[in-house]
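A.B. asks: Handing you this structure, nothing more for now.
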Amino acid sequence: AGQILSIPRVQFIFVASFLRFCSGLMIGVWAAPYFKQAFPDDAAQYAVVNAFIVGGMGLTSGILGGYIADGLGSWVKKSNEEALSGADTEEGTPSSTGMASILRDNFDEETIRLLLPIVGSLLAIPAWYQATHAGTNFEASMFWLGVEYLVAECWFGPTIAVLQSSVGASRTGTAQGLFVLTGAFANSAPTLLGWIYGNKVIDSTTSSSSEVLAGLLSVGVCAGYLLSSVFFLVSASASANGGGGLQRVAQDTKDDE
6 AGQILSIPRV QFIFVASFLR FCSGLMIGVW AAPYFKQAFP DDAAQYAVVN AFIVGGMGLT
66 SGILGGYIAD GLGSWVKKSN EEALSGADTE EGTPSSTGMA SILRDNFDEE TIRLLLPIVG
126 SLLAIPAWYQ ATHAGTNFEA SMFWLGVEYL VAECWFGPTI AVLQSSVGAS RTGTAQGLFV
186 LTGAFANSAP TLLGWIYGNK VIDSTTSSSS EVLAGLLSVG VCAGYLLSSV FFLVSASASA
246 NGGGGLQRVA QDTKDDE
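Structure (structure tokens):
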């Protein structure tokens, strides 16, 4: 575990994952109480719609996230091979200019996959905010909740893939265990939010309980998404600019073989 945690990329992946887990768990625990308070006449309908969103949109996001991440990894690998062979120096080659060149220069075959949790978390911020600030429009709130799940839940597969590729084949089990432990620690987030919510409801004289909860969810969830996106981006940079820990673990893996 010590060798795994000495890898800069892995350190930042765990920090980013902790923050991402915090946002997800706050939604998982407190979304239902909020929407039932905000839309008491639509409580039964919410149960059905939410089940569809969590199952349908979450599953779709997870599958699409893995598919896109694999496609990006293959694209970077092919681009790098073409660069080495001189194929992309020909005039008019798309990979030599624009956004493609920026991505190829700043991400490798593995870290390009982290674009999914980076972009997904950023897109989830406005979607979640809209879901909790739709006023009395239940349909609009559920629409944005669906969008939030669609863009946010693509992070899991790519993150696991990058984590496992960073630690070496002989240590993927330990890395996975640490990743699960990170999620367990993140359970403190909805607990903390609940404690703050209880105190604010007692002290509040002007806002309803649903308004208080909406404000706390907006700040907590959106902050977690933003910070996780930042740390996923830092993780991608760490893997390219420094690798002492990574090289050491890779060498240990070869020795084990």
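Counting from 6, one number per residue, gives the positions in the sequence shown under the working numbering.
Beta carbons are placed, not taken as given, at the ideal position from N, Cα and C, and that holds for glycine.
#1: What did DSSP end up calling Cys-227 once you bin it into helix, strand or coil?
#2: Give the secondary structure of Ser-66 by DSSP, where H, G and I count as helix, E and B as strand, and everything else as coil.
#3: Would the beta-carbon of Thr-164 fall within 9 Å of that of Ile-32?
#4: Should Leu-89 go down as buried or exposed, given a rule of 16 or more other Cβ atoms within 10 Å for buried?
#5: Which residue marks the beginning of the alpha helix (DSSP H) containing Trp-35, and which one marks its end?
#6: Could you give the DSSP three-state label for Phe-148: helix, strand or coil?
#7: Determine whether the Cβ of Phe-40 lies closer than 9 Å to any Cβ atom of chain C.
#8: Can you grab the Cα-Cα spacing for the pair Gln-154 / Ser-66, in whole Å?
#9: Would you mind working out which of Ser-84, Ala-129, Ser-126 sits nearest Ile-107, comparing C-alpha positions?
#10: For the alpha helix (DSSP H) holding Arg-118, just list the boundary residues, first then last.
#11: So the alpha helix (DSSP H) Trp-200 belongs to, where does it begin and stop?
#12: By how many angstroms is the C-alpha of Val-156 removed from the C-alpha of Val-167?
#13: Whole angstroms is fine: what's the gap from Asn-204's alpha carbon to Gly-182's?
#14: Within a Cβ cutoff of 6 Å, which residues of the same chain sit near Ser-234, ignoring the five residues on either side of it in sequence?
C.D. replies: Quick look at the numbers:
#1: helix
#2: helix
#3: Between Thr-164 and Ile-32, the gap from beta carbon to beta carbon reaches 9 Å or more.
#4: Burial call: exposed.
#5: Here the alpha helix (DSSP H) through Trp-35 covers 13-43.
#6: helix
#7: Looking for chain C here will not work: only one protein chain is present.
#8: Per the sequence shown, the amino acid found at residue 154 is Tyr instead of Gln. Between Tyr-154 and Ser-66, the C-alpha separation is close to 7 Å.
#9: Ser-84
#10: Taken as a continuous stretch (DSSP letters only), Arg-118 belongs to no alpha helix (DSSP H), as it is neither H nor E.
#11: 193-208
#12: 19 Å
#13: 35 Å
#14: Only Ile-123, Ser-126, Leu-127 meet the Cβ criterion.
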